[in-house]
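S.K.: Those sequence lines, one after another, are chains A and B. Following the working numbering, the numbering of the first sequence begins with 10 at its first residue and continues without gaps. Following the working numbering, the numbering of the second sequence begins with 10 at its first residue and continues without gaps. Just so you know, even glycine gets a beta-carbon here, dropped at the ideal spot from N, CA and C.
Number of protein chains: 2
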Amino acid sequence: MREIFEAELQQLGDDLRTMSEKVAQAIEDAGRALLDADLSLAQSVIASDRDIDDRERALDDECVRLLAQQAPVATDLRIVVSSLRMSASLERMGDLARHVAQVARRTYPKRALPEAVVPTFTQMNDAAVRVARRVTELLETRDLALALTIERDDDLLDLLHEQTFGVVLSPDWIGSVQETVDVTLASRFYERFGDHAVSIARRVSYLVTGDAPVELG
Amino acid sequence: MREIFEAELQQLGDDLRTMSEKVAQAIEDAGRALLDADLSLAQSVIASDRDIDDRERALDDECVRLLAQQAPVATDLRIVVSSLRMSASLERMGDLARHVAQVARRTYPKRALPEAVVPTFTQMNDAAVRVARRVTELLETRDLALALTIERDDDLLDLLHEQTFGVVLSPDWIGSVQETVDVTLASRFYERFGDHAVSIARRVSYLVTGDAPVELG
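1. Compute the beta-carbon to beta-carbon distance between B/D58 and B/A35, rounded to the nearest angstrom, for a pair I have assumed lies under 8 angstroms.
2. What residue range is occupied by the uninterrupted alpha helix (DSSP H) comprising A/A67?
3. Determine the contact status of B/G40 and B/V109, defining contact as a CB-CB distance below 8 angstroms.
4. Report yes or no: do the segment 211 to 219 of chain B and the segment 113 to 125 of chain B share at least 3 C-beta pairs separated by less than 8 angstroms?
5. Let me know the alpha helix (DSSP H) ranges lying completely inside the segment 102 to 150 of chain A, each 4 residues or longer, listed in chain order.
6. Note the first and the last residue of the continuous alpha helix (DSSP H) segment covering B/S208.
7. Anything in the segment 169 to 194 of chain A with a Cβ closer than 7 angstroms to a Cβ of chain B? List those residues in chain order, please.
8. Using DSSP with H/G/I as helix, E/B as strand and the rest coil, what is B/I36?
9. Could you tell me the distance, in whole angstroms, from the CA atom of B/A106 to the CA atom of B/A51?
10. Report yes if the CB atom of B/R143 is closer than 8 angstroms to the CB atom of B/L155, and no otherwise.
11. May I have the straight-line CA-CA distance separating B/E17 from B/E149, to the nearest angstrom?
12. Give me the residue from A/P222, A/R201, A/R151 with the minimum Cα distance to A/L25.
13. Can you tell which of A/A137, A/G184, A/P118, A/F130 has the C-alpha that lies nearest to the C-alpha of A/S49?
14. For a quick check, are the C-beta atoms of B/V186 and A/L178 less than 8 angstroms apart?
15. Answer yes or no: does any C-beta atom of chain A fall closer than 8 angstroms to that of B/R64?
16. Specify, as a first and last residue, the run of the alpha helix (DSSP H) that B/D181 falls within.
17. Is the beta carbon of B/M102 closer than 8 angstroms to that of B/A141?
18. So, helix, strand or coil for A/D152, using DSSP?
19. Quick one, which residues of the segment 64 to 81 of chain A are near chain B if we go by CB-CB under 7 angstroms, in chain order?
20. Would DSSP call B/A221 helix, strand or coil?
21. Output needed for B/R120: all residues of its chain with C-beta closer than 6 angstroms, excluding positions within five of it in sequence on either side, in chain order.
22. Against chain A, does B/L86 count as a neighbour if the rule is that its beta carbon must be under 8 angstroms from one of theirs?
23. For A/L99, does the count of other Cβ atoms within 10 angstroms reach 16, so buried, or fall short, so exposed?
24. Counting only beta-carbon atoms, is A/A97 nearer than 8 angstroms to chain B?
25. Since A/S53 contacts A/D38 with CB under 8 angstroms, what's their CB separation in whole angstroms?
26. Within this structure, are the beta carbons of B/E124 and B/H170 separated by less than 8 angstroms?
27. Strictly below 8 angstroms CB to CB, what residues from chain A border B/R197?
28. Would B/L93 count as contacting chain A if we go by Cβ distances under 8 angstroms?
29. What does the Cβ neighbour count give for B/E188, buried or exposed, with the cut at 16 atoms within 10 Å?
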C-alpha cells in the first residue's frame with residue numbers, strides 16, 4: 010500500500026514538473042512572439058494553453074482521489090495540498106503567457122512594443138523564462154538555493170515593471186494610446202507571472218523546511 | 010465524532026462568508042475611493058486587506074487540519090477542498106480591491122479617472138459590489154440562481170472592460186498617459202475581480218450538483 014502511494018506522490022511531482030516545463034516554453038514563446046511580432050508563435054502559445062489547463066484539472070482530480078483513498082497525514086498531506094496550490098499557480102502562469110501572446114496577436118503585423126520599451130521587455134522576458142525554468146528545476150531537486158534565485162528574479166520583474174511605467178510616463182514617450190495600453194498590460198502580466206513563481210517557490214520551501222509560506226501582495 | 014465534524018464544516022462555511030463580506034466591503038469602499046478620490050477610504054481598504062489575508066491563512070490551516078484529523082471522503086472532502094480554493098479566490102479579490110484603492114491613493118488629491126470613463130467605472134463598481142454580495146449570499150444559501158446572476162454580472166464586467174478600452178482608444182480621448190495607465194490597470198482589476206467571483210460560484214455549483222467546475226480563461 011505504502012509503495013503504491015509513494016509511486017502516486019512521485020507521479021504527482023512528475024506531473025507538476027511537466028506542467029512547469031510547458032509553462033516555461035509558453036512564456037519563452039510568448040516573449041518571442043511579443044518582441045518579434047511573430048504571429049504563428051503567438052497562435053501556438055494561445056492554442057497550447059488548453060493543454061496546461063487540462064493538466065491542471067487532471068492533477069487536481071488526482072489530488073482529490075489521493076486525499077479520499079489514502080487519507081494522507083503529516084508530510085504526505087502537505088505534499089498533496091501543496092500540489093493543488095502549485096498546479097493552480099502554474100495554470101495561472103500559463104494564462105499569463107497566453108495573455109502576452111494575445112497582445113502580440115492583436116497588434117500583428119505591427120509589433121505591440123515601441124522601440125523605447127524593447128530593452129526593458131527583453132530583460133523582463135529573460136527573467137520570466139529564468140523563473141519558469143527554475144521552478145521546474147526546484148520541483149525536481151527541491152534545492153532551496155533555487156527558491157532564492159526565483160525570489161530575486163521576481164524582485165527584478167517588479168523593478169522592470171516599475172521601469173516600464175518610468176518610460177511610458179517620461180516626457181519623451183511618443184507611443185500611441187494603444188501602445189500605452191498594451192505596454193501597461195503586458196508589463197503587468199510579467200509582473201504577475203513572477204508572483205506566481207514565487208508562490209510555488211515558497212510552497213516548495215514549506216515542504217522542505219516546514220515553515221508556512223507567506224503570500225505576496 | 011460526526012457531530013463535531015459537522016460543526017467544523019459549518020464553521021468553515023461561516024469563515025468563508027465572513028471573508029466574502031469583508032471582500033464586498035473592500036470593493037465597495039475601493040470603488041468609492043476611486044470615484045470620489047477619497048484618500049482615507051483608500052487607506053482603510055489597503056489596511057484591511059491584511060485581515061483578509063490572515064483569514065485565508067487561518068481557513069487554510071483549518072482545512073488541512075480537517076483533512077488530517079477527519080480524513081473526509083465524498084461530499085465532505087469536496088467541501089474541504091473547495092473551501093481551500095474559494096478562500097484563495099476571496100483572498101485574490103481582496104488584493105484586487107486593494108489594488109483599486111492603491112490607484113486612488115497614488116493620484117490623490119487628483120481623481121485617477123477622467124470624466125469620460127466615470128460612467129463606465131461607476132457601472133463596473135456597481136457590478137463588482139453586486140457579485141461580491143451575491144457570493145456571500147450564495148455561500149449562505151447555495152441557491153444556484155445566484156450563481157447564474159454572478160456569471161451574468163461577470164459578463165457585464167468583461168463588456169465594461171472592453172468599453173473602457175473603447176473610450177481610451179477613441180479619437181476623443183484627451184486623458185494623460187498617466188490616466189491611460191491608471192484606467193487600463195483599474196479596469197483590468199475589476200475584470201479579474203469578476204473572474205474570481207465566477208470561479209467561486211462554479212465551485213458552489215459543483216458542491217450542489219456534482220458537476221466539475223470549468224475555469225475561466
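M.R.: Judging by the given coordinates:
1. The pair is a contact, with the Cβ atoms about 7 angstroms apart (cut-off 8 angstroms).
2. 48 to 79
3. yes
4. no
5. 127 to 150
6. 186 to 218
7. For the segment 169 to 194 of chain A, which is checked against every Cβ of chain B, the residues closer than 7 angstroms are F174, V177, L178, W182, V186, Q187, T189, V190, T193, L194.
8. helix
9. If you take the alpha carbons of B/A106 and B/A51, they lie about 10 angstroms apart.
10. yes
11. 15 angstroms
12. A/R151
13. A/P118
14. Yes, Cβ-Cβ distance for B/V186 and A/L178 is below 8 angstroms.
15. no
16. Segment: none, B/D181 is in no alpha helix (DSSP H) and carries neither H nor E.
17. yes
18. coil
19. V73, L76, A77, A80
20. coil
21. A46
22. yes
23. Around the Cβ of A/L99, a 10 Å sphere holds 16 or more other Cβ atoms; the residue is buried.
24. Yes, because at least one Cβ of chain B sits closer than 8 angstroms to the Cβ of A/A97.
25. 6 angstroms
26. no
27. L194, R197
28. yes
29. buried
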